[in-house]
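First the structure, in the form of structure tokens, and then the observations on it.
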Amino acid sequence: MIRAIAENAIRHNLRDSAAWVTSRRRGDMVELVVENTGPAVPAYEIEAIFQPFRRLRGDRLNSDRGSGLGLSIVRAIASAHDGTVTARPRDEGGLAVTVRLPYEK
Numbered sequence: 004m005i006r007a008i009a010e011n012a013i014r015h016n017l018r019d020s021a022a023w024v025t026s027r028r029r030g031d032m033v034e035l036v037v038e039n040t041g042p043a044v045p046a047y048e049i050e051a052i053f054q055p056f057r058r059l060r061g062d063r064l065n066s067d068r069g070s071g072l073g074l075s076i077v078r079a080i081a082s083a084h085d086g087t088v089t090a091r092p093r094d095e096g097g098l099a100v101t102v103r104l105p106y107e108k
């Protein structure tokens with residue numbers, strides 16, 4: 004799951020830009036945030052990127068930018084473990100994708 008989100012952040016980034024991963028525990032949840040400095044993403048497009056075979060700007064099948072399954076699979080895995088995956092556009096461009104999973108000792 005982490006690999007899929009990180010690869011997505013790198014693949015959809017701008018040339019000579021940055022991507023980073025942070026993690027922390029927040030109460031009874033663990034949180035992983037993957038951010039990049041890619042192109043601006045309109046807020047109304049966010050939910051679409053979690054749908055199978057959907058990518059931004061009409062980029063569909065036969066693309067060198069992936070199959071469009073990564074984030075939908077990540078969301079399904081998180082959901083199966085009572086977690087969530089959300090994304091938000093960054094003011095500076097790119098996305099911040101946050102995975103929250105229950106913390107178990």
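Here the sequence shown stands for residues 4 to 108, where the numbers follow the working numbering.
Every residue, glycine too, gets a C-beta built ideally from N, C-alpha and C.
Please read all numbers here as calculations on a predicted model, not as lab measurements.
M32 and T25 have their alpha carbons spaced roughly 14 Å apart.
Taking one beta carbon from each stretch, the segment 87 to 95 and the segment 43 to 52 have 3 or more pairs nearer than 8 Å; the two touch. Taking E48 as reference, the option from R103, V37 and G97 with the minimal CA-CA separation is G97. Comparing C-alpha distances from V37 to each of L74, D19 and E50 shows the shortest one belongs to L74. Nearest in C-alpha terms to A83, of all of V102, E95 and D94, is V102.
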